[in-house]
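Undergrad: This is the structure I have questions about; it appears just below.
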Amino acid sequence: MLSIKKLHARVEETTILKGLDMEIKPGEVHAVMGPNGAGKSTLGYVLSGRDGYEVESGTVEFEGKDLLDMEVEERAQAGLFLAFQYPVEIPGVSNMEFMKESVNAMREGRGETPLSSAEFLKKAKAACKQVELPLDFLKRGVNEGFSGGEKKRNEIMQLILLEPKLAILDESDSGLDVDALQVVAKGVNSQRDGKRSFIVVTHYQRLLDYIEPDYVHILSNGKIVKSGGPELAKEVESSGYAWLKEGENA
Amino acid sequence: MSQWLAHVIDRAANVDDWLSPVRANALAELKQKDWPGRRTEAWRYTSLHKVADLNLATNSQQTAEAPLVDGLNSIDLVFVDGRLTTDIAALNLPAGVSVQSLETKNEAADKLFGKIKPEHHLFGLVNDVLAQQGVVIDIADAAEVDQPIRIVNVATDGIESHHRTLVRLGNNAKAKIIEHGVGNDHSLNTVFAEYDIGDNAKLEHYRLALHEGNAIHVGGSHFRLHNQSRLNSTLVGYGSQLTRLDVDIEHAGEHAFAKFNNIYLLAPNEHFDLHSTIEHAQPNGTTEENARGIIGDKAKAVFNGRIHIHRHAQKTLAELNNRNLLLTRGAQINTKPELEIYADDVQCAHGATVAEIDEEALYYLLTRGIDRQQALIMLNFGFVQELLFQMPNRALADWLHPILKQRFERMMEQR
Numbered sequence: 001m002l003s004i005k006k007l008h009a010r011v012e013e014t015t016i017l018k019g020l021d022m023e024i025k026p027g028e029v030h031a032v033m034g035p036n037g038a039g040k041s042t043l044g045y046v047l048s049g050r051d052g053y054e055v056e057s058g059t060v061e062f063e064g065k066d067l068l069d070m071e072v073e074e075r076a077q078a079g080l081f082l083a084f085q086y087p088v089e090i091p092g093v094s095n096m097e098f099m100k101e102s103v104n105a106m107r108e109g110r111g112e113t114p115l116s117s118a119e120f121l122k123k124a125k126a127a128c129k130q131v132e133l134p135l136d137f138l139k140r141g142v143n144e145g146f147s148g149g150e151k152k153r154n155e156i157m158q159l160i161l162l163e164p165k166l167a168i169l170d171e172s173d174s175g176l177d178v179d180a181l182q183v184v185a186k187g188v189n190s191q192r193d194g195k196r197s198f199i200v201v202t203h204y205q206r207l208l209d210y211i212e213p214d215y216v217h218i219l220s221n222g223k224i225v226k227s228g229g230p231e232l233a234k235e236v237e238s239s240g241y242a243w244l245k246e247g248e249n250a
Numbered sequence: 001m002s003q004w005l006a007h008v009i010d011r012a013a014n015v016d017d018w019l020s021p022v023r024a025n026a027l028a029e030l031k032q033k034d035w036p037g038r039r040t041e042a043w044r045y046t047s048l049h050k051v052a053d054l055n056l057a058t059n060s061q062q063t064a065e066a067p068l069v070d071g072l073n074s075i076d077l078v079f080v081d082g083r084l085t086t087d088i089a090a091l092n093l094p095a096g097v098s099v100q101s102l103e104t105k106n107e108a109a110d111k112l113f114g115k116i117k118p119e120h121h122l123f124g125l126v127n128d129v130l131a132q133q134g135v136v137i138d139i140a141d142a143a144e145v146d147q148p149i150r151i152v153n154v155a156t157d158g159i160e161s162h163h164r165t166l167v168r169l170g171n172n173a174k175a176k177i178i179e180h181g182v183g184n185d186h187s188l189n190t191v192f193a194e195y196d197i198g199d200n201a202k203l204e205h206y207r208l209a210l211h212e213g214n215a216i217h218v219g220g221s222h223f224r225l226h227n228q229s230r231l232n233s234t235l236v237g238y239g240s241q242l243t244r245l246d247v248d249i250e251h252a253g254e255h256a257f258a259k260f261n262n263i264y265l266l267a268p269n270e271h272f273d274l275h276s277t278i279e280h281a282q283p284n285g286t287t288e289e290n291a292r293g294i295i296g297d298k299a300k301a302v303f304n305g306r307i308h309i310h311r312h313a314q315k316t317l318a319e320l321n322n323r324n325l326l327l328t329r330g331a332q333i334n335t336k337p338e339l340e341i342y343a344d345d346v347q348c349a350h351g352a353t354v355a356e357i358d359e360e361a362l363y364y365l366l367t368r369g370i371d372r373q374q375a376l377i378m379l380n381f382g383f384v385q386e387l388l389f390q391m392p393n394r395a396l397a398d399w400l401h402p403i404l405k406q407r408f409e410r411m412m413e414q415r
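In order, the protein sequences belong to chains H and V. Its first residue numbered 1, the first sequence is counted upward by one per residue in full-length UniProt numbering. Its first residue numbered 1, the second sequence is counted upward by one per residue in full-length UniProt numbering.
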């Protein structure tokens, strides 16, 4: 589904990704762990096509197509979803209006007819309940005045509504208490259908207790330095990331 | 003096009704006035050359329906070219509400006419001498009126008209008043309204100045707030050929609260000018004023927001914010917040900006598959929609929303 080869990317003058490789097949869940500054968030931004994140070299194929050649909205319509670590607040646009526009943009991209307001409302209410947000959150401005946890749940609500092929979750666990973490994880797990793939970016192993990955990659200094199964996350949990530095020195 | 103003003064001599003694003072004042030019501060960015030699008919037999607002369930008073077309006697008014025509001599009108509106507004004086029709609304002490009262002014082709609204809210009273103006043909219509809001009374107010095309609309809404009274006012304006509004809010009592939101949405070539003045004459008052405008190609907006805190008005909290979005290089805004503070223990903030698109918000919408053009529409419109969301009357907001959005989408197409 996603094939990243020797990806180098920079922000302004600083190269952040330095030869990243990753292969993701349909239905797989890949965890990307690493210390602060390793390039975890940059990976999500580069894949989604954010302005200012410049690819220096390397290739990314998404379902056989050149992802890097697509506009931000085309990538989304092709089935790529990024759940943000810090979702932006847009006070003047209602959550409902925003999600209806985006759901229908995706449907249009897939050649489906747009949902009517009533059809959309039904889906939105169900998704809102699923992430345990009060229904009035649909009427509020996008993320406006939401707490950190509510913003994360709002991201997962969008994941549920947009039905992407590949979802990148950028530290969806940061700032969450255990209850909120379980809600987020449950929402994500409900979307695991054997076809949809996930990249779960996280600093801590904690989230992976709830969203069990098939593969775990350690990202350090812009590269995957170690890959393995779920047991690798446990290793990080007990020994931290200090060993990376030792490895570099060795 | 312009030809038009000379003509106004001539016509004023022929106005003979129970308000004539009050009108005489205004006429004397008007005769002293110079015709505003570029050097007149209040008209610096708004030229009156389109008015200077206007010569429109003043008699109209037109009829018109009030725009239907779903779910508003308002008591409507409809004026066409300044002439009342609603049979007041046939209205089913809630308890505590009295509605009278300005033509009928009445005590309430006598206490309000020209008493709240400051004398310096040139067109206010014109309205003083020529507005023979209008409405006088009196809300009795402690009456809580939930049903909105809407005063609709329709201006039709080729007519000059003048309308006056006078409203008194008794102590502890509550009311919702909508001033709704429309018209898109060549016309001049002045509409001035004066509100006296009693102790602990609460007014929810809307002024919709939805004039378009060749209409010229000049008017004002003027409020006096007494102790502990509350005003929540929203003004929504288009530009038309020329729209000029003056709003004055006077804190004449202590602990009064005023929230004043303005939205202006100017189609290509329109001209909109809003001057607001907040007078904090007494201590412990609060004012929150937010003005947001989107200005289309070759349209021009003028915003002048003045806050005057008198020496005696300690513990005043006042905020004024004006944000503008110019859709093209040909769009123009002249914005000027003015603070005059003579008390030392106050909190006062103001700001005026010409906005750019929030790149982070745009990126967020794009990552959700929304195409760039649509995302720009959502974000740009979101800018004024935020104030629309704050309108307490949902029915009115829900009615305005698609109308404003369509207007905005056309503005985007005409870039």
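Beta carbons are placed, not taken as given, at the ideal position from N, Cα and C, and that holds for glycine.
Should Gly240/H be labelled buried (16 or more other beta-carbon atoms within 10 Å of its own) or exposed?
TA: As a first step, residue 240/H is located in the first sequence; it is residue number 240 there, counting from the start. Exposed, since its Cβ has fewer than 16 Cβ neighbours within 10 Å.
Undergrad: Does the CB of Glu386/V have a neighbour CB from chain H at under 9 Å?
TA: Locating residue 386/V in the second sequence gives position 386, counting from the first residue. Chain H contact via Cβ: present.
Undergrad: Please tell me whether Gln191/H has its Cβ less than 9 Å away from any Cβ of chain V.
TA: Along the first sequence, read from residue 1 onward, the residue named residue 191/H stands at position 191. Cβ-Cβ to chain V under 9 Å: no for Gln191/H.
Undergrad: So which of Asn200/V, Ala12/V, His211/V and Ala352/V has the shortest CA-CA distance to Ala173/V?
TA: For the purposes of this step, residue 173/V is taken as residue 173 along the second sequence, with counting starting at 1. Comparing Cα positions, the closest option is Asn200/V.
Undergrad: Return the residues of the segment 83-97 of chain H that lie within a Cβ-Cβ distance of less than 9 Å from chain V, sorted by chain order.
TA: Flagged, chain order: Phe84, Pro87, Val88, Glu89, Ile90, Pro91, Gly92, Val93, Ser94 and Glu97.
Undergrad: Which residues of the segment 109-123 of chain H have a Cβ closer than 8 Å to any Cβ of chain V? Give them in chain order.
TA: So the close ones are Gly109.
Undergrad: By the criterion of Cβ-Cβ separation under 9 Å, what are the contact partners of Ala76/H in chain V?
TA: Taking the first sequence and counting its residues from 1, the one referred to as residue 76/H is at position 76. The answer, in chain order, is Leu366, Thr367, Arg368, Gly369 and Ile370.
Undergrad: Give the interface partners of Met378/V over in chain H, defined as CB-CB distance under 9 Å, in chain order.
TA: One-based indexing of the second sequence puts residue 378/V at position 378. Under the 9 Å cutoff, chain H gives Ile90, Gly92, Val93, Glu97, Phe98 and Glu101.
Undergrad: Quick one: Cα of Ala9/H to Cα of Gly44/H, how far?
TA: What you label residue 9/H is simply residue 9 of the first sequence in a count that begins at 1. What you label residue 44/H is simply residue 44 of the first sequence in a count that begins at 1. Straight-line Cα distance between these residues: approximately 12 Å.
Undergrad: Does the beta-carbon distance from Val247/V to His275/V come in below 9 Å?
TA: Here the question's residue 247/V lines up with position 247 in the second sequence. Here the question's residue 275/V lines up with position 275 in the second sequence. Yes, Cβ-Cβ distance for Val247/V and His275/V is below 9 Å.
Undergrad: Is the distance from the Cβ of His271/V to the Cβ of Ala299/V below 9 Å?
TA: As a position in the second sequence, residue 271/V is number 271, starting the count at 1. As a position in the second sequence, residue 299/V is number 299, starting the count at 1. Cβ atoms of His271/V and Ala299/V: closer than 9 Å.
Undergrad: Determine the burial state of Gly141/H: buried for a count of at least 16 other Cβ atoms within 10 Å of its Cβ, exposed for fewer.
TA: As a first step, residue 141/H must be located in the first sequence, where it is residue number 141. It is buried - the Cβ of Gly141/H has at least 16 other Cβ atoms within 10 Å.
Undergrad: Consult DSSP for Leu20/H and reduce its assignment to one of helix, strand or coil.
TA: As a first step, residue 20/H must be located in the first sequence, where it is residue number 20. Strand.
Undergrad: Which residues does DSSP list as the beta-bridge partners of Tyr204/H?
TA: Locating residue 204/H in the first sequence gives position 204, counting from the first residue. Paired residues: none, contrary to the question.
Undergrad: Indicate the three-state DSSP secondary structure (helix, strand or coil) for Tyr238/V in the structure shown.
TA: Here the question's residue 238/V lines up with position 238 in the second sequence. If DSSP states are grouped into helix, strand and coil, Tyr238/V belongs with coil.
Undergrad: Since I believe Ile159/V is in contact with Ser74/V (beta carbons under 8 Å), could you give me their beta-carbon distance rounded to a whole number of angstroms?
TA: Position 74 of the second sequence, counted from the start, is the residue given in the question as residue 74/V. Position 159 of the second sequence, counted from the start, is the residue given in the question as residue 159/V. Not confirmed; about 25 Å, so no contact.
Undergrad: Whole angstroms are fine: how far does the CA of Met70/H sit from the CA of Leu208/V?
TA: Here residue 208/V refers to the residue found at position 208 when the second sequence is read from its first residue. Here residue 70/H refers to the residue found at position 70 when the first sequence is read from its first residue. Rounded to whole angstroms, Leu208/V to Met70/H spans 45 Å at the Cα level.
Undergrad: From Thr42/H to Leu20/H, what does the alpha carbon distance come to, in whole angstroms?
TA: One-based indexing of the first sequence puts residue 42/H at position 42. One-based indexing of the first sequence puts residue 20/H at position 20. Using only the alpha carbons, I get a separation of about 11 Å.
Undergrad: Please state if the CB of Ala355/V and the CB of Asn334/V are separated by a distance shorter than 9 Å.
TA: Taking the second sequence and counting its residues from 1, the one referred to as residue 334/V is at position 334. Taking the second sequence and counting its residues from 1, the one referred to as residue 355/V is at position 355. Cβ distance not < 9 Å, so Asn334/V and Ala355/V don't count as in contact.
Undergrad: Using beta carbons (cut-off 9 Å, strictly below), is Ala250/H in contact with chain V?
TA: Within the first sequence, the letter at position 250 stands for residue 250/H. Note on Ala250/H: pLDDT 36, under 50, position unreliable in the model; no value is reported.
Undergrad: Let's test the definition: count the other Cβ atoms within 10 Å of the Cβ of Gly181/V and tell me whether it reaches 16, buried, or not, exposed.
TA: Here the question's residue 181/V lines up with position 181 in the second sequence. So Gly181/V ends up on the buried side.
Undergrad: With distances taken Cα to Cα, identify the nearest neighbour of Leu404/V among Leu387/V, Leu242/V and Ile88/V.
TA: Translated into the one-based positions of the second sequence, residue 404/V becomes position 404. It is Leu387/V whose Cα lies nearest to the Cα of Leu404/V.
Undergrad: Would the C-beta of Arg168/V count as close to the ligand SAM, meaning under 8 Å from any of its heavy atoms?
TA: For the ligand SAM, the structure offers nothing, since it holds no ligand at all.
Undergrad: So, does the CB of Gln406/V fall closer than 9 Å to a CB anywhere in chain H?
TA: Position 406 of the second sequence, counted from the first residue, corresponds to residue 406/V. Gln406/V does not count as touching chain H.
Undergrad: Along chain H, which residues have their Cβ under 8 Å away from the Cβ of Gln374/V?
TA: Counting from one through the second sequence, the residue named residue 374/V turns up at place 374. Ordered by position in chain H, the residues that pass the 8 Å Cβ test against Gln374/V are Glu101 and Ala105.
Undergrad: For Lys123/V, collect the residues of the same chain with a Cβ closer than 6 Å to its Cβ; drop the 5 residues on either side in sequence, then sort them by chain order.
TA: Here residue 123/V is taken as the residue at index 123 of the second sequence, counted from 1. Here residue 123/V is Phe; the residue named in the question, Lys, does not match the sequence. If we look at Phe123/V and ignore the five residues flanking it on each side, its Cβ neighbours are Thr190 and Val218.
Undergrad: Taking 9 Å as the cut-off, decide whether the C-beta atoms of Val131/H and Val201/H are in contact.
TA: For this step, residue 131/H is matched to residue 131 along the first sequence. For this step, residue 201/H is matched to residue 201 along the first sequence. It is not a contact, given that the beta carbons lie outside the stated cut-off.
Undergrad: Run through DSSP, which three-state label would residue 419/V get?
TA: No statement about residue 419/V is possible, as the shown extent of chain V runs from 1 to 415 and does not include it.
Undergrad: Nearest by alpha-carbon distance to Val46/H: which of Thr15/H, Pro26/H and Leu138/H is it?
TA: In the first sequence, the residue the question calls residue 46/H occupies position 46. Checked all of Thr15/H, Pro26/H and Leu138/H; the closest Cα to Val46/H is Thr15/H.
Undergrad: Please confirm whether Tyr363/V has its beta-carbon closer than 9 Å to some beta-carbon of chain H.
TA: Reading the second sequence from its first residue, position 363 is the one you call residue 363/V. Yes, Tyr363/V lies at the interface with chain H (some Cβ there is under 9 Å from its Cβ).
Undergrad: Using the three-state DSSP reduction, which class does Asp69/H fall into: helix, strand or coil?
TA: Taking the first sequence and counting its residues from 1, one reaches residue 69/H at position 69. Asp69/H: helix per DSSP, three-state reduction.
Undergrad: Taking contact to mean at least 3 C-beta pairs separated by less than 8 Å, is the segment 19-34 of chain H in contact with the segment 212-221 of chain H?
TA: With the cut-off at 8 Å, the segment 19-34 of chain H and the segment 212-221 of chain H touch.
Undergrad: For Arg323/V, write down the residues that DSSP places opposite it in a beta bridge.
TA: Residue numbering aside, residue 323/V sits at position 323 when the second sequence is read from its first letter. DSSP, once it has assigned bridges, lists Arg292/V and Thr353/V as partnering Arg323/V.
Undergrad: According to the neighbour-count rule (16 or more other Cβ atoms, all chains shown, within 10 Å of its Cβ), is Val178/H buried or exposed?
TA: Start at 1 with the first residue of the first sequence, and residue 178/H comes out as number 178. Per the 10 Å Cβ criterion, exposed.
Undergrad: When the distance is taken between beta carbons, is Pro36/V closer than 9 Å to Ala42/V?
TA: Taking the second sequence and counting its residues from 1, one reaches residue 42/V at position 42. Taking the second sequence and counting its residues from 1, one reaches residue 36/V at position 36. Cβ distance < 9 Å, so Ala42/V and Pro36/V count as in contact.
Undergrad: What number of angstroms, rounded off, separates the C-alpha of Leu17/H from the C-alpha of Gly296/V?
TA: Taking the first sequence and counting its residues from 1, the one referred to as residue 17/H is at position 17. Taking the second sequence and counting its residues from 1, the one referred to as residue 296/V is at position 296. Whole-angstrom Cα-Cα distance: 43 Å.
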